[in-house]
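S.K.: If you count the sequence shown from 1, you need to add 10 to reach the numbering used here.
Just so it is clear, CB atoms sit at the ideal spot from N, CA and C, and this is done for glycine as well.
The model shown is predicted, which means the values in this text are computed figures rather than measured ones.
Please see the structure below; I have some questions.
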Amino acid sequence: MSRSDHSSHQRLITEIYKLYDNNKPSSSDVYRLHEYRRIIENRVELLFKKLKLKDRDFHVLPTGSSQTNLAHRGADIDFVIWIFDKDREEWGYRNGDRMHERRSDDYSKEALSARILNYLREYSEEDFGTLKSNDFIPARIPLHRLVIEENNKQLDISVHISDRLPYAHSAAYFLQACCETNDDFAVLALIVKKWADGRKIKDSPNGYFNGYALVLMLLVYLVEIEGAIPDLLRLYPDRFGPHYDISELNFKRILPRRPGRISRFIIFQFHSFLLKEF
11 MSRSDHSSHQ RLITEIYKLY DNNKPSSSDV YRLHEYRRII ENRVELLFKK
61 LKLKDRDFHV LPTGSSQTNL AHRGADIDFV IWIFDKDREE WGYRNGDRMH
111 ERRSDDYSKE ALSARILNYL REYSEEDFGT LKSNDFIPAR IPLHRLVIEE
161 NNKQLDISVH ISDRLPYAHS AAYFLQACCE TNDDFAVLAL IVKKWADGRK
211 IKDSPNGYFN GYALVLMLLV YLVEIEGAIP DLLRLYPDRF GPHYDISELN
261 FKRILPRRPG RISRFIIFQF HSFLLKEF
């Protein structure tokens with residue numbers, strides 16, 4: 011590499027990381043995520059005491075880009091309330107000291123999920139302050155969606171009752187492992203997502219790609235063409251297969267950490283993003 015090529019290479023690396031630093035989640039974003047998580051945990055604990063379910067184990071987990079560290083600055087936050095249910099397909103819950111009359115809809119997981127989400131919705135203004143919107147969305151996976159007026163932050167909250175984590179959470183965990191094994195992956199993924207936002211390519215409600223699909227395409231490119239990211243699915247099929255329960259897994263103990271290495275080839279490929287899109 012000539013001196014001029016080396017200088018150009020270093021300059022583009024500097025620009026890439028500057029772009030990343032300007033768009034990665036801020037310290038206030040990180041603080042809000044942990045604060046909102048604590049608020050939701052406290053509210054669910056209160057409901058479980060009311061319903062005589064305080065012995066049930068649950069966790070409030072960030073999911074999607076909120077979990078993988080691939081969110082951009084000011085991004086919405088997604089949470090899933092995972093309620094561990096190993097032995098029972100049906101859930102009964104109490105109202106005060108008296109059991110509900112035994113009806114199938116009172117004892118289903120769907121009914122309990124809706125009860126939790128509507129309870130969170132009922133106390134949202136008390137917990138989060140003035141809201142722009144506060145809705146229960148009866149989708150295939152029901153959501154409580156609220157938008158906080160103070161910072162325009164949108165929260166999507168869902169419930170998952172099972173002995174295993176949601177598959178989407180396992181998939182996000184896999185991407186988190188990719189970020190942990192190579193410092194550059196999160197940088198390049200955030201640039202691609204920002205580019206797609208600006209070009210209206212990342213717009214799943216209107217039939218375009220979602221952020222997860224874009225990141226997976228980038229991952230395949232880096233694994234198969236560039237070789238910058240290790241193929242974790244091939245190296246550790248027992249750890250990242252679709253049926254593996256990751257609840258107890260700490261991938262940092264089994265995966266080698268690779269320092270960031272943005273090659274000249276990658277720099278060339280991302281040159282157009284820097285010069286034309288931003």
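Within this structure, are the beta carbons of Lys203 and Gly221 separated by less than 8 Å?
M.R.: Result yes, Cβ atoms of Lys203 and Gly221 sit closer than 8 Å.
S.K.: Quick one, which of Val70, Val157, Ala187 has its alpha-carbon nearest Asn79's?
M.R.: Checked all of Val70, Val157, Ala187; the closest Cα to Asn79 is Ala187.
S.K.: How far does the alpha helix (DSSP H) with His69 in it extend, from its first residue to its last?
M.R.: Looking at the DSSP string, His69 is not in any alpha helix (DSSP H); the run it does join, the beta strand (DSSP E), is 68 to 72.
S.K.: Assuming the contact rule is C-beta atoms closer than 8 Å, Phe89 and Asp67 should be a hit. Round their C-beta distance to whole Å, please.
M.R.: With a Cβ gap of about 17 Å, Phe89 and Asp67 do not count as contacting.
S.K.: Within the same chain, show all residues whose beta-carbon is closer than 7 Å to that of Ser172, passing over the 5 residues directly before and after it, in chain order.
M.R.: Asp95.
S.K.: Might you give, ordered along the chain, the residues of its own chain that have their beta carbon closer than 7 Å to the beta carbon of Lys142, omitting 5 neighbours on each side?
M.R.: Hits under 7 Å: Val157, Glu159.
S.K.: Cα separation between Leu242 and Arg249?
M.R.: When rounded, the distance between both Cα atoms is 9 Å.
S.K.: Give every residue of the same chain whose Cβ lies closer than 7 Å to the Cβ of Ser123, excluding the five residues on either side of it in the sequence, and list them in chain order.
M.R.: Answer for Ser123: Pro152, Val169, Ile171, listed in chain order.
S.K.: Since His44 is in the alpha helix (DSSP H), which residue starts that stretch and which ends it?
M.R.: Here the alpha helix (DSSP H) through His44 covers 37 to 60.
S.K.: Can you say whether Tyr183 is buried or exposed, counting buried as having 16 or more other CB atoms within 10 angstroms of its CB?
M.R.: Label assigned to Tyr183: buried.
S.K.: How would you write the range of the beta strand (DSSP E) that Asn144 sits in, first residue to last?
M.R.: Segment 141 to 147, the beta strand (DSSP E) holding Asn144.
S.K.: According to the Cβ coordinates, are Asp166 and Arg155 closer than 8 Å?
M.R.: Going by C-beta atoms, Asp166 is nearer than 8 Å to Arg155.
S.K.: Please identify the residue among Val225, Asn33, Leu57 whose C-alpha is closest to the C-alpha of Gly84.
M.R.: With distances taken between Cα atoms, Gly84 lies closest to Asn33.
S.K.: Have a look at Leu127 and Lys59 and give me their C-alpha separation to the nearest angstrom.
M.R.: Their backbone Cα atoms lie some 16 Å apart in a straight line.
S.K.: Taking the alpha helix (DSSP H) that Lys119 falls in, what are its first and last residues?
M.R.: Lys119 -> alpha helix (DSSP H) spans 119 to 132.
S.K.: From Ser75 to Arg131, what does the alpha carbon distance come to, in whole angstroms?
M.R.: Spanning the two alpha carbons is a distance of roughly 23 Å.
S.K.: Is Tyr46 closer than 8 Å to Leu87 when the C-beta atoms are compared?
M.R.: A small fix is needed here, since residue 87 is Ile in this sequence, not Leu. A contact, by the Cβ cut-off of 8 Å.
S.K.: Got a sec, what are the start and stop residues for the alpha helix (DSSP H) Asp193 sits in?
M.R.: Asp193 -> alpha helix (DSSP H) spans 193 to 208.
S.K.: Does DSSP put Asp166 in a helix, a strand or coil?
M.R.: Here Asp166 sits in strand by DSSP.
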